């Protein structure tokens, strides 16, 4: 187990190192160079020269990379002249809100998808399975912005039950208005349920045909004991891997959802930065998403190893 974890952490470090190189290259591919990308096209040659000297862009590329990497480790992700704030402060303000939105949405989706997928597997090729499959296929094929607009039209415009705009302000202010979070969370959760339930159904069906299930039934174990005592633990394992690997898609879904509901998170920050060509923010968000994706993959592998003893034994 220790060897397995060590190998995965080492792989993650290598991947993160490659990610930093890619982001560093992107910085130098910015239109007009890093200085004009941050200062604007109207910046004077003197200002550009001063900026390059201040940030080490007048040195060789290897020296620049080491300087930039040192600044990165110190939390210096640049300055957003469009937002008149350091990029780190922007991330500190927006990241917890997106983490709240995505975390609650995925947690709700998993809590619904696991029993739903298990029920479909147990009642495979019956009416319950057909109805659930039809609903999940419709949800999975529905674009998130379209689902958001439908929810707003029905629950906000028609019924007036819920606000059409997400709460604004700090994370405390957002939490103080839970009704404003219902529709954004529902949008991401419904689409995620469609994805996870299909995997849970397939995984459960696959495990129900395994030899250990037939052995347990031959020993007189009840259906409930077989299902919840043996099958469920093994069937959940692929969901953990899927959670780690689907993190980029979850974050892209929050981007669209945050834009529709004007939720002040990372997605809306990225969208506004793309519209205003705020390159430091765009690159910082790209770096954060890449790091989160790698960490999510590592955590998924660790969870998979903890649930499946065969992984621990195979890797020592």
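Numbering (our numbering), first residue to last: 253 to 568. Cβ coordinates follow ideal geometry from the N, Cα and C atoms, glycine included. Remember, it's a predicted structure, so these values are computed and weren't measured experimentally.
Point to revise | Of the residues 422, 444, 285, 492, the one placed nearest residue 455, counting alpha carbons only | key: Within the chain shown, the letter at position 203 stands for residue 455. Looking at 422, 444, 285, 492, the one whose alpha-carbon comes closest to that of residue 455 is 492.
Check your understanding: Among residues of its own chain, excluding the 5 on either side of residue 338, which ones have a beta-carbon nearer than 6 Å to its beta-carbon?
Key -> As a working mapping, residue 338 is identified with position 86 in the chain shown. The residues are 331.
Exercise for review: Output the distance between the C-alpha atoms of residue 363 and residue 476, rounded to the nearest integer angstrom.
Suggested key: The residue you call residue 363 lines up with position 111 of the chain shown. The residue you call residue 476 lines up with position 224 of the chain shown. The alpha-carbon separation between residue 363 and residue 476 amounts to approximately 19 Å.
Check your understanding: Is DSSP giving residue 448 helix, strand or coil here?
Key -> Reading the chain shown from its first residue, position 196 is the one you call residue 448. Helix at residue 448.
Review point. Is the CB-CB distance between residue 509 and residue 519 below 8 Å?
Key: Taking the chain shown and counting its residues from 1, the one referred to as residue 509 is at position 257. Taking the chain shown and counting its residues from 1, the one referred to as residue 519 is at position 267. It is a contact, given that the beta carbons lie within the stated cut-off.
Check your understanding: According to DSSP, is residue 394 helix, strand or coil?
Key -> Taking the first residue of the chain shown as position 1, residue 394 is located at position 142. Residue state, collapsed to three classes: coil.
Exercise for review: Taking 8 Å as the cut-off, decide whether the C-beta atoms of residue 609 and residue 546 are in contact.
Suggested key: Examination of residue 609 is not possible in this model, given that the chain is present from 253 through 568 alone.
Exercise for review: Would you be able to state if there are at least three C-beta pairs under 8 Å between the stretch 478–486 and the stretch 416–425?
Suggested key: Remark: fewer than three beta-carbon pairs, one from each stretch, lie closer than 8 Å, so the stretch 416–425 and the stretch 478–486 are not flagged as touching.
Review point. Going by Cα to Cα distance, which pick from 315, 258, 446 is closest to residue 393?
Key: For the purposes of this step, residue 393 is identified with residue 141 of the chain shown, where counting begins at 1. With distances taken between Cα atoms, residue 393 lies closest to 446.
Review point. In the DSSP assignment, what are the bridge partners of residue 331?
Key: Stepping through the chain shown from its first residue, residue 331 is reached at position 79. DSSP lists 338 as partners of residue 331.
Practice item. Taking residue 524 as part of the alpha helix (DSSP H), name the residues at either end of that continuous run. Key: Here residue 524 corresponds to residue number 272 of the chain shown, with the count starting at 1. That run of the alpha helix (DSSP H) goes 518–528.
Check your understanding: Within the chosen definition, does the stretch 410–419 reach the stretch 428–446 through at least 3 CB pairs nearer than 8 Å?
Key -> Contact between the stretch 410–419 and the stretch 428–446 is present, with at least three C-beta pairs closer than 8 Å.
Exercise for review: Quick one: measure Cβ to Cβ for residue 533 and residue 342, integer angstroms, because I've assumed they're closer than 8 Å.
Suggested key: The sequence position of residue 533 within the chain shown is 281, counting from 1. The sequence position of residue 342 within the chain shown is 90, counting from 1. About 6 Å; that satisfies the 8 Å criterion.
Point to revise | Own chain residues within Cβ distance below 7 Å of residue 535, not counting five before or after | key: Numbered from its first residue, the chain shown carries residue 535 at position 283. Excluding residues up to 5 positions away in sequence, 275, 278, 279 lie with their Cβ nearer than 7 Å to the Cβ of residue 535 in the same chain.
Check your understanding: Rounded to the nearest angstrom, how far is the Cβ of residue 349 from that of residue 480, given a contact under 8 Å?
Key -> In the chain shown, residue 349 corresponds to position 97, counting from 1. In the chain shown, residue 480 corresponds to position 228, counting from 1. No, residue 349 and residue 480 are not in contact; Cβ-Cβ is about 36 Å, not under 8 Å.
Point to revise | Three-state secondary structure (DSSP) of residue 309 | key: The residue given as residue 309 occupies position 57 in the chain shown. Assigned with DSSP and collapsed to three states, residue 309 falls in coil, not helix or strand.
Review point. Nearest to residue 327 by alpha carbon, out of 539, 553, 554?
Key: In the chain shown, counting from the first residue as 1, residue 327 sits at position 75. Out of 539, 553, 554, 539 has the C-alpha closest to the C-alpha of residue 327.
Practice item. Could you tell me whether the stretch 378–397 touches the stretch 434–444, using the rule of 3 or more Cβ pairs below 8 Å? Key: Yes, since at least three Cβ pairs between the stretch 378–397 and the stretch 434–444 fall closer than 8 Å, the two stretches touch.
Practice item. Please classify residue 375: does DSSP put it in a helix, a strand, or coil? Key: For the purposes of this step, residue 375 is taken as the residue at position 123 of the chain shown. DSSP places residue 375 in coil when its eight states are reduced to three.
Practice item. Would you kindly work out how many angstroms separate the C-alpha atoms of residue 482 and residue 474, rounded to a whole number? Key: Locating residue 482 in the chain shown gives position 230, where the first residue counts as 1. Locating residue 474 in the chain shown gives position 222, where the first residue counts as 1. Roughly 11 Å separates the two Cα atoms.
Point to revise | For residue 475, the three-state DSSP class (helix, strand or coil) | key: Sequence index remark: in the chain shown, residue 475 carries index 223 (1-based). DSSP, read as helix, strand or coil, puts residue 475 in helix.
Point to revise | Through-space distance from residue 380 to residue 387, alpha-carbon basis | key: Counting from 1 along the chain shown, the entry for residue 387 is found at position 135. Counting from 1 along the chain shown, the entry for residue 380 is found at position 128. Residue 387 and residue 380 have their C-alpha atoms spaced approximately 11 Å apart.
Point to revise | Proximity winner among 453, 335, 315, 459, relative to residue 371 (alpha-carbon distances) | key: In the chain shown, counting from the first residue as 1, residue 371 sits at position 119. The shortest Cα separation from residue 371 among 453, 335, 315, 459 belongs to 453.
Review point. Is the Cβ-Cβ distance between residue 444 and residue 361 less than 8 Å?
Key: Stepping through the chain shown from its first residue, residue 444 is reached at position 192. Stepping through the chain shown from its first residue, residue 361 is reached at position 109. Contact: yes.
Practice item. Rounded to whole angstroms, what's the CA-CA distance from residue 309 to residue 316? Just pull it up for me. Key: Here residue 309 refers to the residue found at position 57 when the chain shown is read from its first residue. Here residue 316 refers to the residue found at position 64 when the chain shown is read from its first residue. If you draw a straight line from the Cα of residue 309 to the Cα of residue 316, it is about 6 Å long.
**Study point:** DSSP-derived helix/strand/coil call for residue 515
**Key:** Reading the chain shown from its first residue, position 263 is the one you call residue 515. Residue state, collapsed to three classes: coil.
Exercise for review: In the DSSP assignment, find the alpha helix (DSSP H) that holds residue 418 and state where it starts and stops.
Suggested key: The residue given as residue 418 occupies position 166 in the chain shown. Where residue 418 is concerned, there is no enclosing alpha helix (DSSP H), given that its DSSP letter is neither H nor E.
**Study point:** Cβ separation of residue 300 and residue 287, assumed to be a contact under 8 Å, to the nearest whole Å
**Key:** Start at 1 with the first residue of the chain shown, and residue 300 comes out as number 48. Start at 1 with the first residue of the chain shown, and residue 287 comes out as number 35. Confirmed, about 4 Å.
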